[in-house]
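Undergrad: Residue numbers (this note's numbering), protein chains in the order written: chain A, 1 to 225; chain B, 1 to 225.
The C-beta atom is built at its ideal place from N, Cα and C for all residues, glycine as well.
Number of protein chains: 2
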Amino acid sequence: MERHFDEELADLKKDLLDMGYLVERAIGNSVEALRTLNSQKAQKVIIEDKVIDECELHIDERSLDLLALRQPMAVDLRFIAMTMKITTDLERMADLAVDIAQRVLELQGAPLLKPLVDIPKLAVLAQDMVRGALDAFVKGDVNLAKKLILRDTEADALRNAVQSELINDYIVKDSSTTSRAVPLLLIARHLERICDHATNIAEDVIYMVEAKVVKHHPEKLKHNT
Amino acid sequence: MERHFDEELADLKKDLLDMGYLVERAIGNSVEALRTLNSQKAQKVIIEDKVIDECELHIDERSLDLLALRQPMAVDLRFIAMTMKITTDLERMADLAVDIAQRVLELQGAPLLKPLVDIPKLAVLAQDMVRGALDAFVKGDVNLAKKLILRDTEADALRNAVQSELINDYIVKDSSTTSRAVPLLLIARHLERICDHATNIAEDVIYMVEAKVVKHHPEKLKHNT
C-alpha cells in the first residue's frame with residue numbers, strides 16, 4: 001500500500017521535532033549536571049550525543065529519499081531542504097551541550113563557586129528558543145520566528161550578567177576562584193551560542209516563508225513584513 | 001542555449017569554495033584586528049559578515065533550483081543537499097569570526113596583555129581546516145577528511161595552552177589582568193569552535209562518500225575504510 005506524500009512529510013516533521021526534543025533534553029541535563037555537580041549525569045549527556053548524531057543521519061537520509069522518490073516542488077522542496085539545514089544546527093547545539101558537560105567534569109573535586117541563578121535561566125531560554133525555532137519552522141510561523149529573534153538580546157544580557165558577576169565579584173576579588181569561575185563563564189557562552197543557533201534557524205524560517213510569499217504570492221507580502 | 005548540468009554543478013562548487021574563502025579571510029582578518037588591536041579592521045569583519053550571509057542564501061537558492069529543475073539522483077542529489085548543509089556551517093563559522101571581532105572591540109583602550117603566539121597558530125589551523133574540509137567535500141576525498149578530523153586534537157591542544165597560560169600566568173598571578181585576559185581566552189574558544197565546525201563537515205564528507213559506496217558499490221568499501 002503506497003503511503004501518501006503528506007504522511008511522509010508529517011513523519012519528517014515529527015522526526016525533526018523529536019530530534020529537537022532530544023537537544024532540549026541534553027541542554028537541560030547538562031545544566032542539571034552542573035547544578036548538582038554530578039559527573040555521571042555529565043557523562044550521560046556526552047554518551048547520548050551519539051543518539052542525536054544518529055538522528056541527523058536518519059532525518060537527512062529520509063529527506064534525500066523524499067527528494068529522490070517524490071521530486072517535490074516549490075514549498076515542499078524548500079521545506080525538505082531546510083529540514084536538512086536545521087538538523088545541522090541541532091547537531092551543533094547538541095555538541096554545545098556536550099561542551100557544557102565537559103566543563104562540569106572539569107569542575108569536579110570542589111564545590112560550586114556560588115548558587116546558580118542566571119545560568120539556569122539562560123538554559124531555560126535556550127530550551128525555549130530551540131523549541132520555538134522548530135515550532136516556527138514546522139508551522140511556517142513568521143511572527144513566532146520574529147519574536148524569537150528579539151529574545152536573542154535576553155540571551156546576550158543573561159550571558160553578560162553571568163560574565164561580569166564572575167569576573168568582578170569573584171576572579172578580580174580573589175583570583176584563587178579562577179579555576180572554578182572560568183568553566184561557569186564558558187558554560188554561559190555555550191548556552192548563548194545555542195541561542196544563536198536557534199536565532200539562525202528563526203532567520204532562515206523568515207527567509208523561507210517570505211521568499212516563498214514573494215515568489216509565488218506577492219499580493220500576500222504585506223501580511224508577512 | 002541550454003547549460004549542461006555538469007557546468008551548473010561546477011559553478012555550485014565554485015560558489016561554495018568562494019564562500020569558504022570569504023570565511024577563511026574573515027578568520028584571518030579578525031585575528032589580524034586582534035594582533036594590531038585595530039577596531040576599524042574589527043568593524044570591517046562585522047560588516048562583511050553580511051556578504052557571507054548573502055552567499056549562503058545565494059548558494060541555497062541555486063541548489064534548490066538545481067533540485068527542482070534537474071531532479072538529480074544518487075551522488076548528485078547527495079552532493080547538492082550536502083552543499084546546503086555546509087553553507088549552514090560556513091555561515092556559523094563566519095558568526096564566530098564576528099564574535100572574535102567583538103572581543104577585539106572589548107579590548108580597545110589598553111595594550112594587549114602579551115604578544116600573541118598560540119592564538120595566531122590556532123587561527124591558521126582554523127583556516128587550514130576550513131579550506132581542507134571544503135576541499136575534501138568537492139573532491140569527495142575521504143582520506144583528506146580523515147586527516148582533518150585528527151587535526152581537531154591540535155586545535156584542542158592549542159586552545160588548552162592559551163587557556164592555561166592566561167589563567168595561571170596572568171589572571172591567578174595578577175587579577176587586574178582579568179578584563180584583558182578573558183577576551184583572549186574566549187577568542188581561543190571561538191577559534192576552536194570554528195575547527196569543530198570544520199571537523200563536522202569532514203565527518204559528513206566521510207559519511208556521504210562511504211554511505212554512497214556502501215549503497216551502490218559495496219565491493220569498493222574496502223578502499224574507503
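Could you check the C-alpha separation between ALA157/A and LYS121/A for me, to the nearest Å?
TA: Walking along the first sequence from the start, residue 157/A turns up at place 157. Walking along the first sequence from the start, residue 121/A turns up at place 121. Distance between the alpha carbons of ALA157/A and LYS121/A: 11 Å.
Undergrad: Let's test the definition: count the other Cβ atoms within 10 Å of the Cβ of ARG3/A and tell me whether it reaches 16, buried, or not, exposed.
TA: Within the first sequence, numbered from 1, the residue matching residue 3/A stands at position 3. Exposed, because fewer than 16 other Cβ atoms sit within 10 Å of the Cβ of ARG3/A.
Undergrad: Taking the alpha helix (DSSP H) that LYS228/A belongs to, which residues open and close that run?
TA: Within the shown structure, residues of chain A are numbered from 1 to 225, placing residue 228/A beyond reach of any answer.
Undergrad: Could you tell me how far apart the beta carbons of ALA26/B and ILE52/B are, in whole angstroms, since I believe they sit closer than 8 Å?
TA: To locate residue 26/B, count along the second sequence from 1; it is residue 26. To locate residue 52/B, count along the second sequence from 1; it is residue 52. With 8 Å as the limit, ALA26/B and ILE52/B qualify as a contact, their Cβ atoms being about 7 Å apart.
Undergrad: DSSP on LEU22/B, reduced to helix/strand/coil?
TA: The residue labelled residue 22/B in the question sits at position 22 within the second sequence. DSSP places LEU22/B within a helical segment (H, G or I) once states are collapsed to three.
Undergrad: Along the chain, which unbroken stretches of the alpha helix (DSSP H) at least 4 residues long are found entirely within the stretch 75–147 of chain B?
TA: 118–139
Undergrad: If we count the other Cβ atoms within 10 Å of its Cβ and call it buried at 16 or more, is ILE227/B buried or exposed?
TA: A question about residue 227/B goes unanswered here, because the residues of chain B that appear run from 1 up to 225.
Undergrad: In chain A, which residues lie with their C-beta within 8 Å of the C-beta of ILE167/B?
TA: What you label residue 167/B is simply residue 167 of the second sequence in a count that begins at 1. Result: THR178, SER179 and VAL182.
Undergrad: So, at 6 Å on beta carbons, what are the nonlocal neighbours of LYS215/B in its own chain, with the 5 sequence-adjacent residues on each side left out?
TA: Numbered from its first residue, the second sequence carries residue 215/B at position 215. With a pLDDT of 45 at LYS215/B, under the threshold of 50, the modelled position of this residue cannot be trusted; read the value that follows with caution. Excluding residues within five positions, none has a Cβ falling inside 6 Å.
Undergrad: Rounding to the nearest angstrom, what Cα-Cα distance links GLU56/A and THR83/B in this structure?
TA: Counting from one through the first sequence, the residue named residue 56/A turns up at place 56. Counting from one through the second sequence, the residue named residue 83/B turns up at place 83. Their Cα atoms are separated by approximately 15 Å.
Undergrad: Could one say the Cβ of GLU8/A lies closer than 8 Å to chain B's Cβ atoms, at least one of them?
TA: Here residue 8/A corresponds to residue number 8 of the first sequence, with the count starting at 1. It does not: the Cβ of GLU8/A has no partner Cβ on chain B nearer than 8 Å.
Undergrad: Is the beta carbon of ASP89/B less than 8 Å from the beta carbon of HIS190/B?
TA: As a first step, residue 89/B must be located in the second sequence, where it is residue number 89. As a first step, residue 190/B must be located in the second sequence, where it is residue number 190. Not closer than 8 Å, so no.
Undergrad: Spatial neighbours of THR199/A within its chain, please: C-beta separation below 6 Å, excluding the five flanking residues on both sides.
TA: Translated into positions along the first sequence, residue 199/A becomes position 199. ILE149 and ASP152, listed in sequence order.
Undergrad: According to DSSP, simplified to helix, strand and coil, what is PRO183/A?
TA: As a working mapping, residue 183/A is identified with position 183 in the first sequence. DSSP places PRO183/A in helix when its eight states are reduced to three.
Undergrad: Return the Cβ separation of ASP65/A and LEU9/A in integer angstroms, given the expectation that the two are a contact with Cβ distance under 8 Å.
TA: Residue numbering aside, residue 65/A sits at position 65 when the first sequence is read from its first letter. Residue numbering aside, residue 9/A sits at position 9 when the first sequence is read from its first letter. The beta carbons of ASP65/A and LEU9/A sit about 12 Å from each other, so the pair does not count as a contact at 8 Å.
Undergrad: Only counting the same chain, and skipping five residues up and downstream in sequence, which positions put a Cβ closer than 7 Å to that of ALA202/A?
TA: The residue given as residue 202/A occupies position 202 in the first sequence. Taken in chain order, the residues that qualify are ALA133, ALA136, ALA145, LEU148 and ILE149.
Undergrad: Assuming LEU165/A is part of the alpha helix (DSSP H), what are its boundary residues?
TA: Taking the first sequence and counting its residues from 1, the one referred to as residue 165/A is at position 165. Here residue 165/A turns out to be Glu, not Leu, going by the sequence shown. Neither: GLU165/A is in no alpha helix (DSSP H) and is coded neither H nor E.
Undergrad: For chain A, find out if any of its Cβ atoms is closer than 8 Å to the Cβ of MET129/B; answer yes or no.
TA: Taking the first residue of the second sequence as 1, we reach residue 129/B at position 129. No - not a single Cβ of chain A is within 8 Å of the one on MET129/B.
Undergrad: Relative to the C-alpha of LYS13/A, which candidate in TYR170/A, ILE80/A and TYR207/A has its C-alpha closest?
TA: Within the first sequence, the letter at position 13 stands for residue 13/A. Taking only the C-alpha atoms, the option nearest LYS13/A is ILE80/A.
Undergrad: Using a beta-carbon distance below 8 Å, is ALA81/A in contact with chain B?
TA: Within the first sequence, residue 81/A is the residue found at index 81, counting from 1. So yes, ALA81/A belongs to the interface.
Undergrad: For my contact list, THR178/B and VAL172/A are in at a C-beta cut-off of 8 Å; report their separation, rounded to the angstrom.
TA: Sequence index remark: in the second sequence, residue 178/B carries index 178 (1-based). Sequence index remark: in the first sequence, residue 172/A carries index 172 (1-based). Correct: roughly 5 Å between the Cβ atoms.
Undergrad: Quick one: grab the DSSP three-state call for ARG62/A.
TA: Within the first sequence, residue 62/A is the residue found at index 62, counting from 1. ARG62/A: helix per DSSP, three-state reduction.
Undergrad: Exposed or buried, what is ALA74/B when buried is set at 16 or more other beta-carbons lying within 10 Å of its beta-carbon?
TA: Working through the second sequence from its first residue, we reach residue 74/B at position 74. It counts as exposed.
Undergrad: Looking at the structure shown, is LEU69/B part of a helix, part of a strand, or coil, going by DSSP?
TA: Mapped onto the second sequence, residue 69/B falls at position 69. Residue state, collapsed to three classes: helix.
Undergrad: Kindly give me the distance between the Cβ atoms of VAL162/B and LEU185/B, rounded to whole angstroms, as I take these residues to be in contact under 8 Å.
TA: Residue mapping note: residue 162/B aligns to position 162 of the second sequence, counting from 1. Residue mapping note: residue 185/B aligns to position 185 of the second sequence, counting from 1. So it is a contact: roughly 7 Å between Cβ atoms.
Undergrad: Determine, using beta carbons only, whether VAL172/B comes closer than 8 Å to chain A.
TA: Stepping through the second sequence from its first residue, residue 172/B is reached at position 172. VAL172/B counts as touching chain A.
Undergrad: How would you list, in chain order, the residues of chain A whose beta-carbon sits under 8 Å from the beta-carbon of LYS50/B?
TA: Your numbering for residue 50/B matches position 50 in the second sequence. The premise fails here: LYS50/B is roughly 12 Å from chain A at the closest Cβ pair, so nothing lies under 8 Å.
Undergrad: Looking at chain B, is there any beta carbon in it that lies within less than 8 Å of the beta carbon of ARG92/A?
TA: Position 92 of the first sequence, counting from 1, holds the residue named residue 92/A. Yes, ARG92/A counts as interfacial toward chain B.
Undergrad: So which residues on chain E does ASN160/A lean against when the C-beta distance must stay under 8 Å?
TA: Protein chains in the displayed structure are A and B, and chain E is not among them.
Undergrad: Would you please state the rounded distance, in angstroms, between the beta carbons of ASP22/A and ILE86/A? I believe it to be under 8 Å.
TA: Here residue 22/A refers to the residue found at position 22 of the first sequence. Here residue 86/A refers to the residue found at position 86 of the first sequence. Note that residue 22/A is Leu in the sequence shown, not Asp. LEU22/A to ILE86/A, Cβ: 14 Å. No contact.
Undergrad: Are any of the Cβ atoms in chain A nearer than 8 Å to that of MET19/B?
TA: Residue mapping note: residue 19/B aligns to position 19 of the second sequence, counting from 1. Not one beta carbon of chain A lies nearer than 8 Å to the beta carbon of MET19/B.
Undergrad: With 8 Å as the limit, tell me which residues of the stretch 183–198 of chain A have their beta carbon closer than that to any beta carbon of chain B; keep them in chain order.
TA: LEU185, LEU186, ARG189, ARG193, ASP196 and HIS197
Undergrad: Apart from the five residues just before and just after GLY28/B, which ones in its own chain have a Cβ nearer than 8 Å to its Cβ?
TA: Counting from one through the second sequence, the residue named residue 28/B turns up at place 28. Closer than 8 Å at the Cβ level, and outside the excluded window around GLY28/B, lie ALA123 and GLN127.
Undergrad: Within the same chain, show all residues whose beta-carbon is closer than 6 Å to that of MET19/B, passing over the 5 residues directly before and after it, in chain order.
TA: Reading the second sequence from its first residue, position 19 is the one you call residue 19/B. For MET19/B, where only same-chain residues beyond five positions count, the Cβ hits under 6 Å are CYS55 and LEU90.
Undergrad: Quick check on the burial criterion: 16 or more other C-beta atoms within 10 angstroms. Buried or exposed for ASP11/B?
TA: Here residue 11/B refers to the residue found at position 11 of the second sequence. Exposed, since its Cβ has fewer than 16 Cβ neighbours within 10 Å.
Undergrad: Taking the C-alpha atoms as reference points, what is the distance between ALA94/B and ASP49/B?
TA: By 1-based counting over the second sequence, the position of residue 94/B is 94. By 1-based counting over the second sequence, the position of residue 49/B is 49. Just so you know, the alpha carbons of ALA94/B and ASP49/B end up roughly 7 Å apart.
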